[in-house]
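Asker:
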Amino acid sequence: MTRLLTFLTRTRGRGRLDWTDGLSYLYLVIGLFTMFAPIVWLVMSSLKTESAIGQYPPTFLPYTQKQVVVAGHDKPLPLFRITDPQGRELEMAQVSRIGIMATMVDPADPSQTLQVNIRQRTPVQEIRFATSNYTELFEKFTFGRYLWNSVFITVVATALTLLVNSMAAFALSKYRFTGQKTVFLLIIATLMIPPTISLVPVFLVINSVGLLNSLWGVILPAIATPTGVFLLRQYMLTIPDELLEAARMDHASEWRIYWRIILPLAAPALAVLAIFSVMWRWNDFLLPLIVLSKSEVFTLQLALNAFQGELNTQWHYLLAMTVITLVPVTLVFAFLQRYITTGIASAGVK
Amino acid sequence: MRALAPLFNLLEWPFRLAQRWLGTSRLAWLFVGPNLLIFGVFTFLPILINIAYALTGGVKLMPMERPYTGLENFQILFECGNYLDLSTCRKDVFWRALWNTAKFSLIQVGLMVLLSLVTALVLNRKILGRGFWRGVFFYPVLLSPVVVALIWKWLLQSQGVFNAGLAALGAPPVEWLTDAGWAFFWAVFVSIWAHMGFYTLILLAGLQAIPKDLYEAAEMDRATPWRTLTRITLPLLLPNLIVVLVLAMIRAVQVFDEVFVLTGGGPGSATTFIVQFIYQTGFAEQIHLYGLAAAASLTLAVALIVLTLLQLKATRASQAGERAH
Chain B
6 MTRLLTFLTR TRGRGRLDWT DGLSYLYLVI GLFTMFAPIV WLVMSSLKTE
56 SAIGQYPPTF LPYTQKQVVV AGHDKPLPLF RITDPQGREL EMAQVSRIGI
106 MATMVDPADP SQTLQVNIRQ RTPVQEIRFA TSNYTELFEK FTFGRYLWNS
156 VFITVVATAL TLLVNSMAAF ALSKYRFTGQ KTVFLLIIAT LMIPPTISLV
206 PVFLVINSVG LLNSLWGVIL PAIATPTGVF LLRQYMLTIP DELLEAARMD
256 HASEWRIYWR IILPLAAPAL AVLAIFSVMW RWNDFLLPLI VLSKSEVFTL
306 QLALNAFQGE LNTQWHYLLA MTVITLVPVT LVFAFLQRYI TTGIASAGVK
Chain E
17 MRALAPLFNL LEWPFRLAQR WLGTSRLAWL FVGPNLLIFG VFTFLPILIN
67 IAYALTGGVK LMPMERPYTG LENFQILFEC GNYLDLSTCR KDVFWRALWN
117 TAKFSLIQVG LMVLLSLVTA LVLNRKILGR GFWRGVFFYP VLLSPVVVAL
167 IWKWLLQSQG VFNAGLAALG APPVEWLTDA GWAFFWAVFV SIWAHMGFYT
217 LILLAGLQAI PKDLYEAAEM DRATPWRTLT RITLPLLLPN LIVVLVLAMI
267 RAVQVFDEVF VLTGGGPGSA TTFIVQFIYQ TGFAEQIHLY GLAAAASLTL
317 AVALIVLTLL QLKATRASQA GERAH
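As they're listed, the protein sequences go chains B and E. Just so we're aligned, residue 6 is where the first sequence starts under our numbering, counting upward by one. Just so we're aligned, residue 17 is where the second sequence starts under our numbering, counting upward by one.
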């Protein structure tokens, strides 16, 4: 126990590696495995053909049975490794199978056929990445539609979030007006009211304004985010008022001050909010779940959920769909990790 | 920015007119207006209507058309023949959901805060590539709940890689998601997997804010690592720990999406939590019992208000703590 604690408490190395460093790295590597192995497994599985995905026990690499084109047969034939009556190992293609006997043909010499017990043949495997899982999503399903819905909601909602929240933050940080404190407190109060507790009335409101089964029904309720207002207000407070005064001297209108001075100067905070907003909208589930019930307005998340709930889940498509859904978030993470982590560390928002 | 210029210019004239008409300071209302309007319609109004729903019955959506029933919805939710035996309750699923949520919150939050603390302590050591390792633990935080659930569902399905591993060891397969105990375990595990990085990040920020000279002083005094941890690190991290604890609790009480996609609340009601109960009662079942769902929402709200007050207190304590050092 004390050894464990020694390991946990050292924060300053003494210039050389000791066993506690070893333990640290061991912990980190276990963490790496736990966090990423499931995702790697998902990606590898999504590249398997339908038959390969049903195989048990599963393999890491997408193996699939090799097929050969044999003269005289229209379709490619599955290739097997067999032991012929003389005890030689041969690779032969299967023409047909009746009961436990299979008729095999030598791909090099199609006139040679051989009857083999199916127990004496093993499939010849090759690695093949089934990219068709991805392309067929767009051909067989209205996947493009779901993708478009998700992109539309994410982009429009983020743009509106930035606009509406920065306007409010501007008023709250750069003006003194009656009721200012009340407004700020009201907005902060909504930080503490999670949407989960007023699901039914939110549904009613969206229904009464006629936005049920409309993408706007998911966009509008969420564009006024208390975290966004708070984050931007705190940032705008650091912009010196003298800049505004100087602009007013030059007869700039308040609107012009807002978008020519405040917005460009608040760009770092806007960027953080934009990243968060993209994440929130792209991953949103509960609100779309109650607002969007027709499949033509489904987002990716809803499509995934509906698809996995079907009786005969077609895992090869479902996994490909899952991978596509996590790609944008992964890209955002890869390129903007620093902004996200500092944003969270400083504001404690998610 | 430049591409948006025409759009902003278009809005210039209405605002200029308003400015002339209202005066500069009252123009502020125009700037907060859109935000307040949306908050009002989609956040404050629903809270009021929620109370109206909880006090009325029937299956109509419009509150005006619903008959007033007083506290009947709450009675239906909470009445039990014998409070020691949940199956005698009128809505035993609700009780089970309550019990599951309480159990889940305690176990998940306890384990997650502990793991986040250990991870943050490790990440705060002198290690190579800290940014990379921090990213490793943080990445799943960004994934959508549905994606998280599907990743694990694929691993845990009866012909998945976990059972293949067991088979390789010669053990019989386990029904990871259809056995009540295991399903609950995986609900806890998967939600920790998905959210731990967020709390690790907050704790790490807290650790890095501890002044380095304290550790130097401790080293000069030949303090044991154990004493350094208990006398310096943990006391100074305590405010952050409390904030993390309460934040995690607020989230845990509202657990829904990951588990809903992973197990569907089953087997039976083994992983049904309050939010799922609200969703099922109000939206998913044949007859939409909005009143009952709203009453359950208000019950959840009470729990959340208590937790939020705790959070406010904790934040204040943490700010006081920051001022102290």
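Note that the Cβ used here is the ideal one computed from N, Cα and C, for glycine as well. Bear in mind that the values here come from a model prediction, so they are computed numbers and not experimental data.
I'd like to confirm the pairing. Which residues does DSSP put opposite Ala98 (chain B) in its beta bridges?
Answerer: B:Leu84, B:Val110
Asker: Going by the CB atoms, is the gap between Leu82 (chain B) and Gln70 (chain B) shorter than 8 Å?
Answerer: It is not a contact, given that the beta carbons lie outside the stated cut-off.
Asker: Which full runs of the alpha helix (DSSP H) of 4+ residues lie inside the segment 133 to 212 of chain B, going along the chain?
Answerer: Runs found: 137 to 145, 148 to 179, 185 to 195.
Asker: Can you give me the C-alpha to C-alpha distance between Phe303 (chain B) and Phe60 (chain E), rounded to a whole angstrom?
Answerer: 27 Å
Asker: Please compile the residues from chain B whose C-beta is within a distance smaller than 7 Å of the C-beta of Ser132 (chain E).
Answerer: Near Ser132 (chain E) there are no residues of chain B at all, since even the closest Cβ is about 12 Å away, more than 7 Å.
Asker: I want to know whether the segment 168 to 178 of chain B touches the segment 21 to 41 of chain E - three or more CB-CB distances under 8 Å.
Answerer: no
Asker: Would you call Tyr151 (chain B) buried or exposed, if buried means 16 or more other Cβ atoms sit within 10 Å of its Cβ?
Answerer: Label assigned to Tyr151 (chain B): buried.
Asker: Within 10 angstroms of its Cβ, does Leu314 (chain E) collect 16 or more other Cβ (buried), or is it exposed?
Answerer: Classification of Leu314 (chain E): buried, given that the 10 Å Cβ count is 16 or more.
Asker: By the three-class DSSP mapping on this structure, what secondary structure does Arg261 (chain B) have?
Answerer: helix
Asker: Over what stretch of residues does the alpha helix (DSSP H) that includes Thr135 (chain E) continue unbroken?
Answerer: First-last of the alpha helix (DSSP H) with Thr135 (chain E): 108 to 139.
Asker: Between Ile202 (chain B) and chain E, is the shortest Cβ-Cβ distance under 8 Å, so that the two count as touching?
Answerer: So, interface residue.
Asker: Opposite Gln130 (chain B) in the DSSP bridges: which residues?
Answerer: B:Gln70
Asker: Could you compute how far the alpha carbon of Ala19 (chain E) sits from the alpha carbon of Leu204 (chain B)?
Answerer: 38 Å
Asker: Identify every residue that forms a DSSP beta bridge with Val4 (chain B).
Answerer: One cannot answer for residue 4 (chain B) here, as it falls past the ends of chain B, which runs 6 to 355.
Asker: Rounding to the nearest angstrom, what Cα-Cα distance links Gln296 (chain E) and Gly97 (chain E) in this structure?
Answerer: 24 Å
Asker: Along chain B, which residues have their Cβ under 8 Å away from the Cβ of Gln270 (chain E)?
Answerer: Pro199, Thr201
Asker: Quick check: the Cα distance between Ile193 (chain B) and Thr183 (chain B), rounded to an integer number of angstroms?
Answerer: 17 Å
Asker: Does Ser56 (chain B) come out as helix, strand or coil in the three-state DSSP assignment?
Answerer: helix
Asker: For Phe120 (chain E), count neighbouring Cβ atoms within 10 angstroms of its own Cβ and tell me buried if that reaches 16, exposed if not.
Answerer: buried
Asker: Please classify Ile132 (chain B) as buried or exposed, where buried requires at least 16 neighbouring CB atoms within 10 angstroms.
Answerer: exposed
Asker: Which runs of the alpha helix (DSSP H) fall wholly inside the segment 280 to 331 of chain B and span at least 4 residues, in chain order?
Answerer: 291 to 296, 305 to 313
Asker: Among B:Phe312, B:Tyr30, B:Ala164, B:Pro128, which has the Cα closest to the Cα of Thr327 (chain B)?
Answerer: B:Phe312
Asker: Beta-carbon of Val163 (chain E) versus every beta-carbon of chain B: anything under 8 Å?
Answerer: yes
Asker: Following the continuous alpha helix (DSSP H) through Lys228 (chain E), name the residue where it begins and the one where it ends.
Answerer: 228 to 236
Asker: Exposed or buried, which one is Ile321 (chain E) when buried takes at least 16 other CB atoms within 10 Å?
Answerer: exposed
Asker: Following the continuous alpha helix (DSSP H) through Val234 (chain B), name the residue where it begins and the one where it ends.
Answerer: 231 to 241 is the span of the alpha helix (DSSP H), which, as asked, contains Val234 (chain B).
Asker: Leaving out the 5 sequence neighbours to the left and right, which residues in its chain are closer than 7 Å to Phe208 (chain B) when beta-carbon positions are compared?
Answerer: Ile295
Asker: Could you check whether Val129 (chain E) and His211 (chain E) sit closer than 8 Å to each other, using their CB atoms as the reference points?
Answerer: no
Asker: Smallest Cα separation from Arg42 (chain E): which of B:Thr136, B:Gln185, B:Ala325, B:Leu236?
Answerer: B:Gln185
Asker: For the alpha helix (DSSP H) containing Gln35 (chain E), name the first residue and the last one.
Answerer: 21 to 38
Asker: Consult DSSP for Ser51 (chain B) and reduce its assignment to one of helix, strand or coil.
Answerer: Correct three-state label for Ser51 (chain B): coil.
Asker: For the putative contact between Pro206 (chain B) and Pro83 (chain E), defined by C-beta atoms under 8 Å, what is the C-beta separation to the nearest angstrom?
Answerer: Wrong, their Cβ atoms sit about 18 Å apart, outside the cutoff.
Asker: Just to make sure I have the definition right: I need the residues of chain B whose C-beta is within less than 9 Å of the C-beta of Tyr99 (chain E). Which are they?
Answerer: Under the 9 Å cutoff, chain B gives no residues; its nearest Cβ is about 25 Å from Tyr99 (chain E).
Asker: One question on the structure: do Pro50 (chain E) and Val169 (chain B) come within less than 8 Å of each other, judged by their Cβ atoms?
Answerer: Judged by beta-carbon spacing, Val169 (chain B) lies within the 8 Å limit of Pro50 (chain E), meaning their Cβ atoms are closer than that value.
Asker: Identify the contact partners of Asp273 (chain E) in chain B, using a Cβ-Cβ distance below 8 Å as the criterion.
Answerer: Phe290, Leu291
Asker: Do you know whose CA, among B:Ser213, B:Met106, B:Phe290, B:Arg126, lies nearest Asn310 (chain B)'s CA?
Answerer: B:Phe290
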